[in-house]
Amino acid sequence: MKVLMFGWEFPPHITGGLGTACFGLTKGLAKHGVEVIFVVPKSFGDESQEGFRLINASDIELDFTQTLTREFREKISYMEVGSNLVPYLDPEEFERWYTEEVAGKKTETHSVFNRKYQFSGKYGANLMEEVSRYALVALSVANNFQYDVIHAHDWLTYAAGIAAKQISGKPLVVHVHATEFDRSGENVNQVVYDIERNGMEAADRVITVSNFTRQIVIERYGIPAEKVFTVHNAVEPVDKPETEDVTKHVKEKIVTFLGRVTYQKGPDYFVEAAHKVLQRDPNVRFVMAGSGDLLNRMIRRVAQLKMGTRFHFTGFLAGAEVDRMFAMSDVYVMPSVSEPFGISPLEAMRTNVPVVISKQSGVAEVLQHALKVDFWDIDALADAIYGILHYDGLRKMFAKYGKSEVDSLLWENAALKVLEVYNNATGHSN
Amino acid sequence: MRSVCLYFQVHQPFRLRTYRFFNIGQDHYYYDDYQNRHIIRRVAEKCYLPANRMMLQLINEFGKAFKVSYSISGTALDQFAQYVPEVIDSFRQLAATGCVEFISETEYHSLASLGNEQEFIRQVELHSQRIEKLFGQKPQTFRNSELIYSDTIGETVANLGFHTILTEGAKHVLGWKSPNYIYCNNLNPKLRVLLRNFNLSDDLSFRFSEQRWSEWPLTAEKFVGWLNASDPHEEVVNLFMDYETIGEHQWKETGIFDFFYHLPSTLFTKSNFTFATPEELYQRLQPMAAINVPYAISWADEERDLTAWKGNELQTEALSKLYSLSGSISKCKDPVILRDWGYLQSSNHFYYMSTKWFSAGEVHKHFNPYSSPYDAFINYMNAISDFAIRVEDSLASPDSGSERKEAVKPVKAGKKTSAVKIKTVKKTAKPGAPAEKKKAAKTETAPKAVKSAKTKAAVKETKAAKAVQAVKEKKTPRAKATVKETKPAKAALAVKEKKAVKPATEVKAKKLSTVKTVEKAKKAPKSGSASKKA
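Chains as they are written, first to last, in the numbering used here: chain A, 73 to 502; chain B, 4 to 537.
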């Protein structure tokens with residue numbers, strides 16, 4: 073089985089969400105003997121070139137290559153396409169971003185949690201143009217390679233996937249990591265929505281990262297349920313040495329929110345729950361790590377509730393700071409309003425931090441050793457936090473089972489399910 | 004003469020309401036009245052009432068030949084009295100036939116046998132007395148919660164004077180032995196041990212409606228055929244199961260009623276089996292051997308051990324927190340605290356915290372009000388934390404019990420039952436009670452349902468103080484039974500028990516109210532400080 077895969081990021085340029093997932097998935101597929109031609113958009117300083125080039129994973133200077141198995145190197149071809157594609161941006165945002173950042177100078181925000189990975193480039197100020205250009209590029213890629221199935225990750229690559237399908241006649245699988253409803257709530261961008269729906273309709277099979285997302289695809293995009301399959305994300309096992317000595321300078325327990333401070337991450341519910349907990353137990357500190365358009369409102373609300381001395385904002389954290397934050401935390405909270413999957417609780421659990429997650433997240437479907445609440449249920453959220461802080465049994469249980477539960481979510485298994493979908497789409501029986 | 008011993012367990016716990024940490028110290032009512040009422044009524048309608056009718060019909064049909072035995076937990080009895088008193092009536096009808104044996108257990112269906120012998124004995128005695136009062140027979144047979152049994156538990160039960168104890172015919176205890184004989188306790192051979200035949204029992208309670216089961220559909224003929232096929236020397240087949248098997252675990256549509264209805268006639272015509280109660284077996288048969296059970300067994304899961312209630316850190320912590328209060332409780336006299344102490348001990352609370360069903364599935368989920376064991380744990384720990392504070396408080400100052408605070412709590416079903424409550428107030432007032440006192444009581448309870456908790460508190464305290472003063476003047480503490488009914492649920496209980504005309508329960512209710520009256524009289528003078536707090 074050979075797969076032509078359209079993505080938009082790949083290690084080391086990963087933002088934590090999609091790039092990591094694609095990387096894990098291709099590695100998992102390689103273990104099952106599937107060959108992957110991976111195409112990513114990338115803009116270069118020198119944009120007057122042909123538009124894409126082919127790079128074999130073994131010759132590019134990527135630091136991850138050393139860690140890859142020979143098997144993986146043999147199976148994966150890696151391609152970059154010059155493009156300005158930016159994940160998780162809608163066209164208006166893209167324009168703003170382009171005028172602010174790109175027109176000025178090259179920027180590359182690199183973070184695990186803001187899920188925006190910005191490529192620098194000089195042309196293609198219009199996002200839709202970028203999407204189309206990527207599709208054009210896809211056409212030539214599609215024409216020059218042999219493969220059995222096409223796999224496109226999220227809406228920016230759907231047009232490329234459709235184009236490749238048209239030219240090759242091979243079945244198309246689209247992989248939904250997030251939908252416009254997750255990004256924008258009810259104020260969906262119609263153009264993006266249309267691209268998403270076209271992609272799903274044109275696809276022979278649709279893969280969603282959770283049943284939560286599958287439901288959205290079926291109900292909000294009108295896609296027939298029988299062609300939508302859930303394949304939960306997995307995580308790469310890490311053999312991090314137990315987190316280096318992190319000295320906690322406060323004696324109080326720390327409850328952490330870590331993520332973009334935007335509507336869909338539910339930061340306001342975290343603030344309100346903190347207030348409820350602090351009313352009963354002032355010996356707790358709450359931390360909101362991250363930035364976003366709701367940050368100022370959160371700061372004002374914290375001041376209004378007069379809990380400024382117990383509620384801290386760190387701003388945006390990246391890399392080692394994130395690890396340190398986890399290491400200092402006694403509870404990790406993810407109160408997302410809408411979260412297709414949500415990988416961050418798994419990272420917390422790996423450092424033995426108990427987690428409270430919203431039921432409106434895909435990750436809630438695969439975790440048992442986590443407290444789950446409805447995002448809007450502030451009382452339940454506060455109660456869960458209070459429970460972990462005060463009742464030892466919970467901490468013991470989570471310490472005992474949490475990490476091993478996360479470690480059992482293997483990409484290998486997820487890839488097997490994806491392979492089943494491929495076989496299903498190509499009519500192979502396996 | 005070989006026997007079938009048919010025994011049914013009737014139990015419902017007081018499920019807890021969602022009790023948040025910010026309720027701790029402020030709100031002392033832990034039960035989900037709505038859910039408890041809803042479930043007990045549903046199960047009564049689907050199981051208890053129709054099944055009792057069927058049993059009565061069978062007894063009438065076969066004279067003394069059909070026999071059955073029950074144990075009904077105290078928490079189930081309390082809920083029957085509150086919500087479906089006709090169930091008690093129907094059990095009393097069964098008791099009157101003389102063909103039914105009522106078996107004793109712990110009053111609260113608790114795990115006290117595992118850690119607190121004194122408390123265990125207290126609950127067993129409480130339950131025995133209650134059963135005797137209700138059904139006119141002193142229980143001679145005992146079954147522990149979840150059929151939990153060990154040599155030492157058996158010894159304790161023997162010392163309490165019971166003839167027989169029921170437990171599981173666990174494979175790892177029996178080895179090559181058959182459960183179909185009478186055994187005796189290893190430490191005190193006077194106590195007979197009846198072992199559940201789990202194959203045949205579970206054919207009915209678990210597999211009956213399972214269409215993938217190779218024996219489906221199971222008919223009375225087929226079942227009696229299996230009985231006949233057993234070793235003819237064996238003396239008794241013990242079919243022990245939840246009564247809810249009939250109509251609730253197995254719905255009526257599965258044919259479970261038909262099965263049980265046809266079982267006796269088939270048994271009498273197609274086999275030489277008869278029905279017997281445990282006490283009859285005690286009178287008639289001798290034990291074959293002692294059974295050696297050094298470590299406790301139960302009827303749960305494949306393992307037949309205690310891990311469903313004591314298997315993880317959550318359960319261990321909750322149980323140890325609960326029983327760490329035993330010492331203080333033994334000095335406590337407040338009837339409301341003692342009631343909560345009992346209700347919080349029901350084994351179900353710990354069962355809900357089991358993480359075994361992460362892999363095992365279905366059975367544990369039945370009736371489980373929580374979506375996860377973690378939720379169950381947090382909720383329980385919140386409630387027990389509040390309870391611990393109340394116990395401490397009541398010991399620190401015996402005058403200011405929990406009842407005062409409880410009076411302040413917002414009552415869930417308050418609006419609906421307030422009318423009933425006022426009626427009760429009238430009824431329970433002694434004829435000699437002065438009119439203004441009744442009035443005081445009425446006005447006291449009426450605004451509660453409407454006003455917010457805080458105003459309620461204030462109103463309540465002042466009124467209560469007045470009411471008490473009135474009482475003091477008259478010096479007839481009993482008359483103040485009027486003031487006592489703070490909870491609509493309890494009020495409803497009083498009304499219903501009255502209606503049901505159960506002399507026994509009524510006496511009990513009255514006794515309770517008298518005690519509370521006295522308590523109240525003691526507490527009220529302190530109400531000044533309380534209103535400040537509120």
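Even for Gly, the Cβ is constructed at its ideal location relative to N, Cα and C.
Beta carbon proximity, residue i to chain B, threshold 8 Å
i	result
residue 432 of chain A	no
residue 469 of chain A	yes
residue 192 of chain A	Confidence is the limiting factor: at residue 192 of chain A the pLDDT is only 32, short of 50, which leaves the residue's position unreliable, though a coordinate-based value still follows. No, no contact with chain B.
residue 348 of chain A	yes
residue 456 of chain A	yes
residue 463 of chain A	yes
residue 485 of chain A	no
residue 352 of chain A	yes
residue 402 of chain A	no
Distance between residue j and residue i (C-alpha atoms, nearest Å)
i	j	result
residue 375 of chain A	residue 340 of chain A	13 Å
residue 60 of chain B	residue 54 of chain B	10 Å
residue 499 of chain A	residue 281 of chain A	23 Å
residue 571 of chain B	residue 102 of chain B	Outside the displayed range of chain B (4 to 537) lies residue 571 of chain B, so it cannot be described from this structure.
residue 133 of chain B	residue 144 of chain B	14 Å
residue 322 of chain A	residue 400 of chain A	10 Å
residue 249 of chain A	residue 205 of chain A	22 Å
residue 283 of chain B	residue 327 of chain B	40 Å
residue 307 of chain A	residue 394 of chain B	48 Å
residue 82 of chain B	residue 316 of chain B	31 Å
residue 226 of chain B	residue 253 of chain A	57 Å
residue 205 of chain B	residue 244 of chain B	8 Å
residue 189 of chain B	residue 178 of chain B	16 Å
residue 216 of chain B	residue 229 of chain B	16 Å
residue 232 of chain A	residue 211 of chain A	7 Å
residue 257 of chain A	residue 479 of chain A	32 Å
residue 111 of chain A	residue 219 of chain B	56 Å
residue 129 of chain B	residue 76 of chain B	11 Å
Run of the beta strand (DSSP E) containing residue i, from where it starts to where it stops
i	result
residue 8 of chain B	5-13
residue 187 of chain B	186-188
residue 277 of chain A	277-280
residue 168 of chain B	167-171
residue 107 of chain A	107-113
residue 244 of chain B	239-245
residue 306 of chain A	Segment: none, residue 306 of chain A is in no beta strand (DSSP E) and carries neither H nor E.
Residue i CB to nearest heavy atom of the ligand MG below 7 Å
i	result
residue 278 of chain A	In the structure shown, the ligand MG is absent, as is every other ligand, since no ligand is present at all.
Enclosing alpha helix (DSSP H) for residue i [first to last residue]
i	result
residue 377 of chain B	376-399
residue 408 of chain A	Counting along the chain, residue 408 of chain A falls outside any alpha helix (DSSP H), and DSSP gives it neither H nor E.
residue 34 of chain B	Residue 34 of chain B -> no alpha helix (DSSP H), and no H or E assigned at all.
residue 92 of chain A	90-103
Below-8 Å beta-carbon distance, residue i vs any chain A residue
i	result
residue 23 of chain B	yes
residue 479 of chain B	Bear in mind that the predicted position of residue 479 of chain B carries a pLDDT of just 42, short of 50, making it too unreliable to give a figure here.
residue 319 of chain B	yes
residue 353 of chain B	no
residue 315 of chain B	yes
residue 375 of chain B	yes
residue 380 of chain B	yes
residue 20 of chain B	no
residue 4 of chain B	no
DSSP state of residue i mapped onto helix, strand, coil
i	result
residue 218 of chain B	coil
residue 388 of chain A	coil
residue 334 of chain A	coil
residue 253 of chain B	strand
residue 379 of chain A	coil
residue 462 of chain A	helix
residue 112 of chain B	coil
residue 482 of chain A	coil
Supposed close pair residue i, residue j - CB separation, criterion 8 Å
i	j	result
residue 377 of chain A	residue 347 of chain A	5 Å
residue 8 of chain B	residue 197 of chain B	7 Å
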